[in-house]
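First comes the structure, then the notes that go with it.
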Amino acid sequence: MQQTAERVYRDKPEALPLPPPDLLVPEELERLRRASGVAVVELAGRDSVAAALKAVDEAGFKTLIPTYVYTGSEHGSWEEVPQAWRRLRHALPEAVELTDLLVMGSPRFWRALNGRYLQELTRRYGFSPVCPGCHLYLHAARIPLAQSLGGVPVVAGERLSHDGREKLNQVAPAQKAYQELFHGYGLELALPLAQVTDGREIEKILGLPWPEGGEQLGCVFSGNYLDPQGALRVSLESLEAYFREFALPLASLVTTAYLEGRTPDHLALAQGLLSA
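For reference, each letter of the sequence shown is one residue, going 24 to 299 in our numbering.
Shown next as structure tokens:
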């Protein structure tokens with residue numbers, strides 16, 4: 024299974040609305056659909072692992088389905104992802120089931136949100152929206168799986184502040200947009216770390232030292248919205264307009280198509296929104 028997950032990550036096929044069947048066979052999907060206390064969890068770096076642990080502690084989930092959604096911009100060793108799985112398994116109560124890792128994604132969806140029209144989006148909104156658009160994609164990609172399991176929650180590790188630093192893809196308007204997308208489908212995007220501002224608290228939840236940004240895949244666009252001194256100077260009103268006018272409508276159109284069993288024309292949908 025590990026080799027299959029690595030191959031899917033490497034090849035990055037169109038693997039939405041659900042993970043490839045050799046990672047999630049119909050019998051396993053049906054078993055999980057019948058189970059109780061199920062949550063889909065993001066699996067990337069330390070915050071996602073801490074979020075899963077906190078969600079189990081607070082909500083009493085009995086079965087976690089770890090998911091990695093690939094984008095167009097990762098770099099680093101794939102081994103960091105299974106290592107995160109092992110750390111999560113080690114820290115979870117023994118009675119909590121952690122299923123095999125599911126890997127999925129859609130290069131076409133990611134490109135429509137974050138690649139093809141980046142010049143136009145930057146011109147319209149006055150900032151590069153790659154990071155908030157990418158996080159919206161990451162969350163949207165998990166909606167069909169959550170729905171197929173009967174509408175289970177999705178858990179992610181977004182935080183409003185990282186030791187006093189803000190990330191554009193995790194500020195309050197961004198988190199609100201992600202949850203708004205989920206609410207439109209009657210789903211919950213649980214963000215149990217939203218108010219956790221101190222990195223030491225994250226390590227306390229994990230029960231081990233794990234530096235922020237360490238031992239996880241990196242992104243070539245990381246911090247691209249910051250000025251040369253590292254300050255965030257993007258207007259939150261512009262960010263809200265980006266979500267309201269383009270990103271949320273596109274994510275909703277694509278997700279609805281997936282849920283209805285249709286294959287969306289991602290670029291055509293994006294172009295239609297920009298031409299309206």
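Yeah, the Cβ is synthetic: ideal placement off N, Cα and C, and Gly gets one too.
message = Buried or exposed, going by whether 16 or more other CB atoms sit within 10 Å of the CB of V48?
response = exposed
Contacts around D70, its chain only, beta-carbon distance under 7 Å, and the 5 residues preceding and following it disregarded = G180, R182, L216 and I225
message = Since V119 and K77 should fall inside the 8 Å C-beta cutoff, what is the C-beta to C-beta distance between them, to a whole number of angstroms?
response = The Cβ separation is near 13 Å, so there is no contact.
query = Does DSSP put E181 in a helix, a strand or coil?
reply = coil
ask   = So who's on the other strand from C242, going by DSSP bridges?
value = E97
task = Check whether the Cβ atoms of G60 and G83 lie closer than 9 Å to each other.
result = yes
query = Is there a Cβ from chain C that is less than 9 Å from the Cβ of L125?
reply = This model lacks chain C altogether; it includes just one protein chain.
query = Buried or exposed: which applies to E65, given that a residue is buried once 16 or more other Cβ atoms fall within 10 Å of its Cβ?
reply = buried
inquiry  = Tell me which residues share the same chain as Q202 and place their Cβ nearer than 7 Å to its Cβ, disregarding the 5 neighbours each side in the sequence.
reply    = L212
task = Determine the contact status of Y160 and F132, defining contact as a CB-CB distance below 9 Å.
result = yes
Short Cβ contact (9 Å threshold) for G230 with A107 = no
task = Would you please state the rounded distance, in angstroms, between the beta carbons of T278 and L168? I believe it to be under 8 Å.
result = The pair is not a contact, with the Cβ atoms about 11 Å apart (cut-off 8 Å).
Straight-line gap, G149 to P155 (C-alpha atoms, nearest Å) = 14 Å
message = Under DSSP, the beta strand (DSSP E) around A62 begins and ends at which residues?
response = V61 to E65
ask   = How many Å lie between L273 and L290 at the Cα?
value = 10 Å
key: Beta-carbon proximity check, H162 vs V177, cutoff 9 Å   = yes
task = Could you tell me which residues DSSP puts in a beta bridge with P167?
result = None, per the DSSP bridge assignment.
Start-to-end residues for the beta strand (DSSP E) that takes in W89 = Note that residue 89 is Pro in the sequence shown, not Trp. Segment T86 to V92, the beta strand (DSSP E) holding P89.
Reduced DSSP category for V153 - H, G, I as helix; E, B as strand; rest coil = helix
Straight-line Cα distance separating I166 from R56 = 15 Å
ask   = In angstroms, rounded to a whole number, what distance separates the CA positions of R54 and S275?
value = 28 Å
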